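J.:
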Amino acid sequence: MVGEGLFIFASVIIASWLLIGIDFVIEDRTLVLKTLLIAFVCQMCLYYNDLYDMKVTDSYQELIIRLMQALGASAILLAVVYFIFPVCIIGRGIFIVSICFVVAFIVIWRIAYTHILNNGIFDKKIILLGSGELARNIHREINENKDCGYQVAAVVKDDCEGASPVVSPNICRNNYADLCRNAKDLDIDKIVVAIEERRSGFPTRQLLQCRVDGIEVIEGTSFYEMLTGKLIVEKINPSWLIFSEGFKKSWMRRVIKRTGDLLLSVVMLFFLSPILGIVAVLIKLDSKGPVFFSQERVGEKRKAYMVHKFRSMVQDAEKKSGPVWAQSNDNRVTRVGKFIRKWRIDEFPQLFNVIKGEMSFVGPRPEREFFVKELEEAIPYYAERFSVKPGVTGWAQVSYPYGASVEDAKEKLNYDLFYIKNMSIFMDLMVIMRTVKTVLFGEGAR
Numbered sequence: 033m034v035g036e037g038l039f040i041f042a043s044v045i046i047a048s049w050l051l052i053g054i055d056f057v058i059e060d061r062t063l064v065l066k067t068l069l070i071a072f073v074c075q076m077c078l079y080y081n082d083l084y085d086m087k088v089t090d091s092y093q094e095l096i097i098r099l100m101q102a103l104g105a106s107a108i109l110l111a112v113v114y115f116i117f118p119v120c121i122i123g124r125g126i127f128i129v130s131i132c133f134v135v136a137f138i139v140i141w142r143i144a145y146t147h148i149l150n151n152g153i154f155d156k157k158i159i160l161l162g163s164g165e166l167a168r169n170i171h172r173e174i175n176e177n178k179d180c181g182y183q184v185a186a187v188v189k190d191d192c193e194g195a196s197p198v199v200s201p202n203i204c205r206n207n208y209a210d211l212c213r214n215a216k217d218l219d220i221d222k223i224v225v226a227i228e229e230r231r232s233g234f235p236t237r238q239l240l241q242c243r244v245d246g247i248e249v250i251e252g253t254s255f256y257e258m259l260t261g262k263l264i265v266e267k268i269n270p271s272w273l274i275f276s277e278g279f280k281k282s283w284m285r286r287v288i289k290r291t292g293d294l295l296l297s298v299v300m301l302f303f304l305s306p307i308l309g310i311v312a313v314l315i316k317l318d319s320k321g322p323v324f325f326s327q328e329r330v331g332e333k334r335k336a337y338m339v340h341k342f343r344s345m346v347q348d349a350e351k352k353s354g355p356v357w358a359q360s361n362d363n364r365v366t367r368v369g370k371f372i373r374k375w376r377i378d379e380f381p382q383l384f385n386v387i388k389g390e391m392s393f394v395g396p397r398p399e400r401e402f403f404v405k406e407l408e409e410a411i412p413y414y415a416e417r418f419s420v421k422p423g424v425t426g427w428a429q430v431s432y433p434y435g436a437s438v439e440d441a442k443e444k445l446n447y448d449l450f451y452i453k454n455m456s457i458f459m460d461l462m463v464i465m466r467t468v469k470t471v472l473f474g475e476g477a478r
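Just so we're aligned: the sequence shown equals residues 33 to 478 in the numbering used here.
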């Protein structure tokens with residue numbers, strides 16, 4: 033992403049140099065700022081067209097199509113900016129020529145980058161210890177994500193009988209004694225320990241020797257967390273949570289987060305107020321009942337509060353059924369409700385909860401007490417999500433589709449715990465960017 037940003041910046045500078053001359057490029061102090069604006073708008077459009085998702089742009093045809101769409105959207109957005117702020121105009125000719133350079137640079141860069149990924153030129157080699165579910169999950173993630181930066185060079189299994197090699201070479205359990213020698217021969221950067229049963233046959237001495245010899249040894253759960261951006265609640269134990277890094281909630285971080293919540297909520301409510309007014313009228317015209325829907329949720333430190341949303345279902349939707357998960361194509365949803373759910377407009381009134389301090393803009397999804405009791409019994413560590421304020425959006429919401437079962441809740445908790453463990457201002461910004469993308473394309477709503 034940084035590399036393409038530099039390419040876009042360089043393209044505009046080169047186009048300015050060719051059309052105006054090097055003296056003007058050096059003397060015009062605003063040119064750098066204008067160029068940065070173009071680079072920023074182009075990169076945002078590249079991001080929102082999934083050009084940084086290697087699973088989406090796995091073919092050159094798809095790459096070119098999405099690149100043209102992104103640059104077209106960039107031209108429209110910049111035209112709007114130039115209309116409002118004419119001082120930002122860099123010159124029509126410069127923009128057209130720079131677009132040609134951008135296309136050429138990015139296509140060449142992507143071809144080179146794809147070649148590097150396919151051949152694993154800069155991948156770090158690892159040895160994976162274990163044959164259980166955690167080891168299989170790690171192996172699958174590495175195989176499916178070419179840009180993860182890792183390559184499984186060997187697997188040490190608990191039991192090799194009847195097992196076909198997953199990779200070559202495949203080192204079996206009786207070769208633990210040669211673990212360090214094999215690691216050096218394969219030029220291994222890291223050993224990932226994903227052995228789930230450690231009471232017998234755990235290679236403590238061999239791993240210690242590898243560590244002393246300068247080879248990094250990492251616990252499988254920590255490696256999986258780093259690789260996927262989530263935890264596996266069924267595979268972690270209390271000692272791992274106790275001794276692992278993270279879960280820092282300093283007063284400074286809390287003050288910054290609270291300040292950001294207030295500013296963002298007030299600004300959004302101010303600019304969105306016309307839309308919210310129109311939605312309120314449409315809800316009233318579409319079906320009987322109040323405009324707003326209020327419901328008790330469990331917040332930080334298990335404190336109950338009333339969450340507010342635009343009503344998207346018929347009045348008294350749970351009168352007969354009782355508390356139930358929302359489903360796809362739910363017949364309780366009104367006509368206006370389908371629209372506001374798709375574009376997440378029904379969530380906007382929660383900004384008042386943020387202003388009151390009951391919620392944060394980014395955090396775990398607030399849940400009802402009825403479901404909390406059920407989920408706490410079924411899912412380990414579920415109560416840990418109440419250590420922070422619930423959020424209007426969150427890492428789980430932008431990383432996993434809408435949950436409507438205990439299994440979905442378990443998977444979302446994997447992401448929630450990762451967020452709680454690694455929460456930061458940078459991560460909040462990343463969640464907000466992905467939320468905007470989700471809203472713009474109406475993904476994952478029910």
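Where is the CB? At the ideal position from N, CA and C, for every residue including glycine. This structure is a prediction, so every number in the text was calculated from the model and none was measured.
If you draw a straight line from the alpha carbon of Leu317 to that of Asp348, how long is it in whole angstroms?
T.: Numbered from 1 along the sequence shown, position 285 holds the residue referred to as residue 317. Numbered from 1 along the sequence shown, position 316 holds the residue referred to as residue 348. Cα to Cα, the separation comes out at about 17 Å.
J.: What residue range does the beta strand (DSSP E) around Glu406 cover?
T.: Within the sequence shown, residue 406 is the residue found at index 374, counting from 1. Where Glu406 is concerned, there is no enclosing beta strand (DSSP E), although the alpha helix (DSSP H) it sits in stretches over Glu401 to Ala410.
J.: CA-CA distance, Val339 and Tyr114?
T.: Position 307 of the sequence shown, counted from the start, is the residue given in the question as residue 339. Position 82 of the sequence shown, counted from the start, is the residue given in the question as residue 114. C-alpha separation (whole angstroms): 41 Å.
J.: For the region 456 to 475 against the region 411 to 421, do three or more pairs of beta-carbon atoms, one drawn from each stretch, fall closer than 8 Å, so that the two count as touching?
T.: Short answer: they don't touch.
J.: Just to confirm before moving on: does the CB-CB distance between Arg290 and Ser163 stay below 9 Å?
T.: To locate residue 290, count along the sequence shown from 1; it is residue 258. To locate residue 163, count along the sequence shown from 1; it is residue 131. Cβ distance not < 9 Å, so Arg290 and Ser163 don't count as in contact.
J.: Since I believe Cys120 is in contact with Arg69 (beta carbons under 8 Å), could you give me their beta-carbon distance rounded to a whole number of angstroms?
T.: Against the sequence shown, residue 69 aligns to sequence position 37. Against the sequence shown, residue 120 aligns to sequence position 88. What sits at residue 69 in the sequence shown is Leu, not Arg. Yes, Leu69 and Cys120 are in contact; Cβ-Cβ is about 6 Å, under 8 Å.
J.: Terminal residues of the continuous alpha helix (DSSP H) containing Lys469?
T.: Taking the first residue of the sequence shown as 1, we reach residue 469 at position 437. Per DSSP, Lys469 belongs to the alpha helix (DSSP H) from Ile457 to Leu472.
J.: From Val430 to Gln101, what does the alpha carbon distance come to, in whole angstroms?
T.: The residue given as residue 430 occupies position 398 in the sequence shown. The residue given as residue 101 occupies position 69 in the sequence shown. Cα to Cα, the separation comes out at about 23 Å.
J.: Nearest-angstrom Cα distance between Gly23 and Phe72?
T.: The requested residue 23 does not occur in the structure, where the chain is confined to residues 33 to 478.
J.: Less than 9 Å separating the beta-carbons of Val346 and Arg364?
T.: Taking the sequence shown and counting its residues from 1, one reaches residue 346 at position 314. Taking the sequence shown and counting its residues from 1, one reaches residue 364 at position 332. Cβ distance < 9 Å, so Val346 and Arg364 count as in contact.
J.: Roughly how many whole angstroms lie between the Cα atoms of Val198 and Ala144?
T.: Walking along the sequence shown from the start, residue 198 turns up at place 166. Walking along the sequence shown from the start, residue 144 turns up at place 112. At Val198 the pLDDT is 44, less than 50, meaning the model places this residue with poor confidence and gives no usable figure here.
J.: Beta strand (DSSP E) containing Lys157: first to last residue?
T.: Your numbering for residue 157 matches position 125 in the sequence shown. Looking at the DSSP string, the run of the beta strand (DSSP E) that includes Lys157 is Lys156 to Leu161.
J.: Could you name the residues of the same chain whose beta carbon sits closer than 6 Å to that of Leu239, not counting the 5 residues immediately before and after it, in chain order?
T.: Residue 239 sits at position 207 when you count from the first residue of the sequence shown. So the list reads Val249, once near-sequence residues are dropped.
J.: Please state the DSSP three-state secondary structure of Phe302.
T.: Working through the sequence shown from its first residue, we reach residue 302 at position 270. Looking at Phe302 - three-state DSSP - the assignment turns out to be helix.
J.: Spell out the partners DSSP gives Met345 in its beta bridges.
T.: On the sequence shown, position 313 is the one that residue 345 refers to. Beta-bridge pairing links Met345 to Val365.
J.: Alpha carbons only, please: which of Leu109, Asp155 and Glu94 is nearest the one belonging to Gly181?
T.: Working through the sequence shown from its first residue, we reach residue 181 at position 149. The shortest Cα separation from Gly181 among Leu109, Asp155 and Glu94 belongs to Asp155.
J.: May I have a chain-ordered list of the alpha helix (DSSP H) segments no shorter than 4 residues that lie completely inside the region 253 to 341?
T.: As far as the region 253 to 341 is concerned, its whole alpha helix (DSSP H) runs of at least 4 residues are 270 to 275 and 283 to 318.
J.: On the premise that Gln327 lies in contact with Arg237, defined as a C-beta separation below 8 Å, what is that separation, rounded to the nearest angstrom?
T.: On the sequence shown, residue 237 is found 205 positions in, with the first residue counted as 1. On the sequence shown, residue 327 is found 295 positions in, with the first residue counted as 1. Incorrect: roughly 57 Å between the Cβ atoms, too far for contact.
J.: What residue range does the alpha helix (DSSP H) around Lys388 cover?
T.: Start at 1 with the first residue of the sequence shown, and residue 388 comes out as number 356. Where Lys388 is concerned, the enclosing alpha helix (DSSP H) stretches over Gln382 to Lys388.
J.: Measuring alpha carbon to alpha carbon, tell me which residue in Ile97, Leu149 and Lys453 is nearest Ser254.
T.: If you number the sequence shown from 1, residue 254 lands on position 222. Per the Cα distances, Lys453.
J.: Near Asp219, which residues of its chain fall below 7 Å by C-beta distance, leaving aside the five closest residues on each side in sequence?
T.: Start at 1 with the first residue of the sequence shown, and residue 219 comes out as number 187. Around Asp219: Lys157.
J.: Would you list the one or two residues that DSSP bridges to Ala42?
T.: Locating residue 42 in the sequence shown gives position 10, counting from the first residue. The partner list for Ala42 (beta bridge, DSSP) is empty, contrary to what the question assumes.
J.: Within the same chain, show all residues whose beta-carbon is closer than 8 Å to that of Met300, passing over the 5 residues directly before and after it, in chain order.
T.: For the purposes of this step, residue 300 is identified with residue 268 of the sequence shown, where counting begins at 1. If we look at Met300 and ignore the five residues flanking it on each side, its Cβ neighbours are Phe380 and Leu383.
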